[in-house]
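**Student:** Mind having a look at this structure? Questions to follow.
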Amino acid sequence: MRTQIINNLLTQFFYNIIETEDRIGADVRFADLSSNDMRVLSAIGTAEPKTMKEVGEYLRVKKQTVNNSTKKLISKGYAYKKTNPDDGRYVWIILTDKGSEAAKCYRARIRDAVQGMIGDLTDDQTDILIQCLSKMNSYLDSQSVGDSPSGNRKK
């Protein structure tokens, strides 16, 4: 019985997260971006340049998937490619100002959504939630297939 309740709650939670991402992506300033585009922009980040491989590892997808997404983001003016000046074998994907703005908006809305979810929890409840989520993530990470893209995610 408890397993079924947990299964139902996790399933509902998963779909609610997807719906929340879709609402975030519906910002009129970024109407040309899909939820997937927003995740890729967020993974590229605004800090240091990243390679396609690094973005793919973070998102747990193949480099080719990131390459296809990146081409779309470049054509829409959200990102650009730059060859690493120290090693020409590596190409960075970097956000434009427009891409940085979209990524920051996405992250802020995700933070707001998380804050809304945990805002009514006590400190003890929050600590228990952190412990539970950590254990669940550890289990899922242990189930990753060796050299699949999902097995290489940076934590």
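Numbering of the sequence shown is given in this note's numbering, commencing with residue -5 and proceeding in unit increments. Each residue gets a CB set at the ideal place from its N, CA and C atoms; glycine is no exception.
#1: Helix, strand or coil for TYR72, going by three-state DSSP, please let me know.
#2: In the structure shown, what three-state DSSP assignment does THR77 receive?
#3: Alpha carbon to alpha carbon, how far is VAL49 from LYS57? Give it in angstroms, no decimals.
#4: In whole angstroms, what separates the C-alpha of ASP135 from that of ARG54?
#5: Can you give the Cα-Cα distance for GLN6 and PRO79, rounded to whole angstroms?
#6: Using the rule of at least 16 other Cβ atoms within 10 Å of the residue's Cβ for burial, across every protein chain shown, is TYR133 buried or exposed?
#7: On the CB-based measure, 16 or more other CB atoms within 10 Å of its CB, does ALA96 come out buried or exposed?
#8: Given this structure, state the Cα-to-Cα distance separating ASP121 from PHE8, to the nearest angstrom.
#9: Can you tell me the Cβ-Cβ gap for ILE88 and TYR74, rounded? I've got them flagged as a contact below 8 Å.
**Tutor:** Looking at the atomic coordinates:
#1: DSSP, reduced to helix, strand and coil, places TYR72 outside both helices and strands of the structure shown, so it counts as coil.
#2: Strand at THR77.
#3: Rounded to the nearest whole angstrom, the CA to CA distance from LYS57 to VAL49 is 8 Å.
#4: 11 Å
#5: 47 Å
#6: exposed
#7: Taking all protein chains shown into account, ALA96 has 16 or more neighbouring C-beta atoms within 10 Å of its C-beta and is therefore buried.
#8: 21 Å
#9: The Cβ separation is near 6 Å, so the contact holds.
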